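Have a look at the structure below, then the notes.
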């Protein structure tokens, strides 16, 4: 899935499920700048895990500071799933 679609999904989840009013989002925005606390970030991660049937490890979650960090992890996990499907 391409980055733009994942960022759009992030905005959708943040708006619809978490009640955040995000008009514009840049990948370099920190979650703090966007008004997210650590619990919000964990909630976001869980929404992405559910949406894409993937698992993000606690060590990875602890490194998420910016929107870019979350998107990078989701892309990596989706690529791993694609690789497993291709090999299997």
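Numbering (the numbering used here), first residue to last: 3 to 90. We put the beta carbon where it would ideally sit given N, CA and C, even for glycine. A quick note: this is a predicted structure, and the numbers were derived from the prediction, not measured.
Would you give the residue range spanned by the alpha helix (DSSP H) that residue 59 belongs to? In the chain shown, counting from the first residue as 1, residue 59 sits at position 57. No alpha helix (DSSP H) contains residue 59, which DSSP labels as neither H nor E.
Taking all protein chains shown into account, do 16 or more other C-beta atoms lie within 10 angstroms of the C-beta of residue 75, making it buried, or fewer, making it exposed? Reading the chain shown from its first residue, position 73 is the one you call residue 75. Taking all protein chains shown into account, residue 75 has 16 or more neighbouring C-beta atoms within 10 Å of its C-beta and is therefore buried.
Residue 67 to residue 45 span [Cα, whole Å]: The residue you call residue 67 lines up with position 65 of the chain shown. The residue you call residue 45 lines up with position 43 of the chain shown. Taking the straight line joining both Cα atoms gives about 14 Å.
By Cβ distance below 6 Å, which residues in the same chain neighbour residue 72 in space, the five residues on each side in sequence not counted? On the chain shown, position 70 is the one that residue 72 refers to. So the qualifying residues of the chain are 66.
Which residues does DSSP list as the beta-bridge partners of residue 32? Within the chain shown, the letter at position 30 stands for residue 32. In DSSP, residue 32 forms a bridge with 68.
Where does residue 79 sit, in a helix, a strand or coil, going by DSSP? Locating residue 79 in the chain shown gives position 77, where the first residue counts as 1. Helix, per DSSP.
Relative to the alpha-carbon of residue 51, which residue among 85, 30 and 15 has its alpha-carbon at the smallest distance? Locating residue 51 in the chain shown gives position 49, where the first residue counts as 1. In terms of Cα proximity to residue 51, the closest of 85, 30 and 15 is 15.
Quick one, which of 81, 25 and 88 has its alpha-carbon nearest residue 54's? Taking the chain shown and counting its residues from 1, one reaches residue 54 at position 52. Residue 81 is the option with its Cα nearest to residue 54.
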